[in-house]
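Written out below as structure tokens is the structure these notes cover.
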Amino acid sequence: MVKVGVILGTRPEIIKMSPIIRELKNKNFFLIHTNQHYSKNMDKVFFKELNLPKPDYNLNIGSGSHGGQTGKMLIEIEKVLLKEKPDFILVQGDTNTVLAGALAASKLCIKIGHIEAGLRSFDRKMPEETNRVLTDHISEFLFAPTEIAAKNILNEGISNEKIHIVGNSVVDATIQNLEIAENNENICKFLSKITGNKKYFLLTLHRAENTDNFEILSDLVTSINKLSENYGKNIIFPIHPRTYKKLSEFNLIDKIKSNSLIKIIEPVGYLEFLILEKNAELIVTDSGGLQEEACILNVPCVTLRENTERPETIHVNSNILAGSDPKNILNSVEKMLKSDRSWNNPFGCGNSGKLIVDIVLGEKKY
Ligand code: UD1
Ligand code: UDP
């Protein structure tokens, strides 16, 4: 029986791997968690809400420099792979966990399935771009979400035989969990409590290129303040720990806290977050997953970045790139608020988990 190792480490990986883990239930698989994310609301809350099995291996790597963090993961993942000897490992996305997991497996000649393969921002300043490119080039199974992603890797010389267009498992996760969230009385009460039943914009921000640069982060703070003033709307801001740390370090946090329309809250669970997204008038973000989820949930999105590896969202007009310039951001918001929300989701119909597991488990027959 084919043995599969699933490796994950951060909030979006836990969420987007959840449909695959569900499909692997009762199959020969084990789960490695690097603990790149470890705070309760970035980690355990998702295992609980998504009803996922406890990881077989918790590596307790935590935070660190890119090299330090990736290196520690590589050492620890290798030990587990040597012990477990899987036929395949599966990684999802573009984090340091993904690169470490893929590299450890590749050196041991264990086949790699890369879920969300082929995404490209073509911006090598992003740590995620390096992780994506390297992982794609050492994988045997490249699970591209869309035709565009598949073309990107074909253009890099990867053989067509390795590429499977399977949609994005974020659609599975969204569909599987939105209904649960909407039928949960406590989650609906949470929504009322946080929003006061008023219209709101939902904001998230955490990408290194935005948070770690004082000028850019200052511009973003100015933009967020202007946005709330111009529209007189609440901005709900579940804040990533990285962003809180950086806003504090740069003495920018009070500029946000002093604005009563901006509601900073701790990161929330996936069910709570889906409800916040679904009911938002607009999503303002630099997150990859949110660009997709906004598109799936038919909520207009303004992306606080100069580029995106999710161009499908721009093509269907669910998303616009606004960078960090306040004027640009305000113009983009104005434009997206006029959206008729009539786009179709380009990320598949929610069966990615099943397709991926079928392909991986069927491999030994050939
Ligand atoms: C990582 C990924 C990014 C992804 C994001 C999802 C890389 C290079 N980056 O960024 O692609 O979009 O996860 O959220 O892999 N921290 C905590 N608690 C936690 C986790 C982090 O307090 O549970 C704080 C620490 O101060 C840490 C900082 O956040 O230094 C950054 O964490 P890290 O995992 O290095 O990167 P993310 O910004 O989370
Ligand atoms: N998310 C969540 N709670 C929050 C913020 C985000 O559950 O407070 C979810 C969101 O629905 C999406 C994922 O986290 O599925 C996105 O993660 P993040 O933005 O951290 O990473 P990225 O997608 O940019 O890699």
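Here the sequence shown is numbered in numbering that gives the first Met the number 0, starting from 0 and rising by one per residue. Glycine residues also receive a C-beta, built at the ideal position from the N, C-alpha and C atoms.
Pull up the distance between the alpha-carbon of residue i and that of residue j, whole angstroms please.
{"i": "K124", "j": "N130", "result": "11 Å"}
{"i": "F213", "j": "R206", "result": "13 Å"}
{"i": "L118", "j": "R304", "result": "16 Å"}
{"i": "G61", "j": "H32", "result": "11 Å"}
{"i": "I114", "j": "E160", "result": "15 Å"}
{"i": "V198", "j": "K334", "result": "The sequence shown places Lys at residue 198, not Val. Cα-Cα distance, rounded: 18 Å."}
{"i": "N224", "j": "N258", "result": "7 Å"}
{"i": "I162", "j": "T302", "result": "28 Å"}
{"i": "E181", "j": "I313", "result": "28 Å"}
{"i": "F200", "j": "M0", "result": "49 Å"}
{"i": "F140", "j": "I355", "result": "9 Å"}
{"i": "N327", "j": "E311", "result": "21 Å"}
{"i": "L202", "j": "I186", "result": "19 Å"}
{"i": "A116", "j": "G156", "result": "14 Å"}
{"i": "A143", "j": "C294", "result": "18 Å"}
{"i": "L68", "j": "E75", "result": "In the sequence as presented, Leu is not what sits at residue 68; that position holds Gln. One C-alpha to the other measures close to 11 Å."}
{"i": "I238", "j": "K244", "result": "10 Å"}
{"i": "S338", "j": "A149", "result": "29 Å"}
{"i": "A321", "j": "I20", "result": "35 Å"}
{"i": "S317", "j": "W342", "result": "7 Å"}
{"i": "M16", "j": "S331", "result": "32 Å"}
{"i": "I152", "j": "S64", "result": "28 Å"}
{"i": "L190", "j": "I179", "result": "14 Å"}
{"i": "G347", "j": "F45", "result": "23 Å"}
{"i": "K188", "j": "N154", "result": "49 Å"}
{"i": "S286", "j": "E208", "result": "12 Å"}
{"i": "E308", "j": "D357", "result": "26 Å"}
{"i": "I221", "j": "I14", "result": "Note that residue 221 is Thr in the sequence shown, not Ile. Their backbone Cα atoms lie some 31 Å apart in a straight line."}
{"i": "A103", "j": "G231", "result": "51 Å"}
{"i": "V79", "j": "I235", "result": "41 Å"}
Beta-carbon separation of residue i and residue j under 8 Å?
{"i": "L281", "j": "P266", "result": "no"}
{"i": "V169", "j": "E292", "result": "yes"}
{"i": "N233", "j": "T194", "result": "yes"}
{"i": "T96", "j": "T210", "result": "no"}
{"i": "G349", "j": "E48", "result": "no"}
{"i": "S158", "j": "I137", "result": "no"}
{"i": "L246", "j": "L216", "result": "yes"}
{"i": "V90", "j": "T145", "result": "no"}
{"i": "T242", "j": "L204", "result": "yes"}
{"i": "G70", "j": "I88", "result": "no"}
{"i": "L270", "j": "N183", "result": "yes"}
{"i": "I255", "j": "I264", "result": "no"}
{"i": "L107", "j": "E77", "result": "yes"}
{"i": "M41", "j": "L58", "result": "no"}
{"i": "N229", "j": "L329", "result": "yes"}
{"i": "V359", "j": "G112", "result": "yes"}
I need the boundaries of the beta strand (DSSP E) containing residue i, first residue and last residue.
{"i": "E143", "result": "For the sequence presented, residue 143 should be read as Ala rather than Glu. Residues 140 to 143."}
{"i": "C300", "result": "300 to 302"}
{"i": "V332", "result": "Where V332 is concerned, there is no enclosing beta strand (DSSP E), although the alpha helix (DSSP H) it sits in stretches over 325 to 336."}
{"i": "N318", "result": "318 to 320"}
{"i": "P237", "result": "233 to 237"}
{"i": "Y199", "result": "199 to 203"}
{"i": "I114", "result": "110 to 114"}
{"i": "T284", "result": "281 to 284"}
{"i": "L30", "result": "28 to 32"}
{"i": "L89", "result": "87 to 91"}
Can you give me the Cβ contacts of residue i inside the same chain, cut-off strictly under 6 Å, excluding the 5 residues immediately before and after it?
{"i": "E127", "result": "D93"}
{"i": "L30", "result": "V5, P54, D55"}
{"i": "R340", "result": "N297"}
{"i": "K2", "result": "N27, P85, D86"}
{"i": "K110", "result": "F87, E139"}
{"i": "I252", "result": "L246"}
{"i": "I319", "result": "V301, S331, M335"}
Note down, in chain order, each residue of its chain lying with its Cβ closer than 8 Å to the Cβ of residue i, except the 5 sequence neighbours on either side.
{"i": "L296", "result": "T173, L177, L273, E276, K277"}
{"i": "F121", "result": "E128, N306"}
{"i": "D218", "result": "S323, D324, P325"}
{"i": "N35", "result": "Before going further, note that residue 35 is Gln rather than Asn in the sequence given. Hits under 8 Å: G8, T9, I60, G61, S62, Q68, M72, T94, N95, T96."}
{"i": "L81", "result": "L107"}
If you follow the alpha helix (DSSP H) that residue i is part of, which residue opens it and which one closes it?
{"i": "P11", "result": "10 to 23"}
{"i": "I76", "result": "65 to 83"}
{"i": "H136", "result": "126 to 136"}
{"i": "V267", "result": "From DSSP, V267 is part of no alpha helix (DSSP H); its letter is neither H nor E."}
{"i": "G4", "result": "Element bounds for G4: not the alpha helix (DSSP H) but the beta strand (DSSP E), 3 to 7."}
{"i": "V315", "result": "No alpha helix (DSSP H) contains V315, which DSSP labels as neither H nor E."}
{"i": "V220", "result": "213 to 230"}
{"i": "I355", "result": "351 to 361"}
With a CB to CB cut of under 7 Å and the five nearest residues on each side skipped, what residues in its chain are close to residue i?
{"i": "P18", "result": "S168, D171, A172, Q175, S351, G352"}
{"i": "E12", "result": "Q91, G92, T94, T96"}
{"i": "P345", "result": "T145, E311, V315"}
Just to confirm, does residue i get its C-beta within under 7 Å of one of the non-hydrogen atoms of ligand 3?
{"i": "K43", "result": "With respect to ligand 3, the structure shown offers nothing to examine, as its ligands consist of ligand 1 and ligand 2."}
- Message: So if I measure from each beta-carbon to every heavy atom of ligand 2 and keep distances below 5 Å, which residues remain?
- Response: Residues whose Cβ lies closer than 5 Å to any heavy atom of ligand 2, listed in chain order: R10, P11, I14, P237, P266, V267, Y269, F272, S286, G287, G288.
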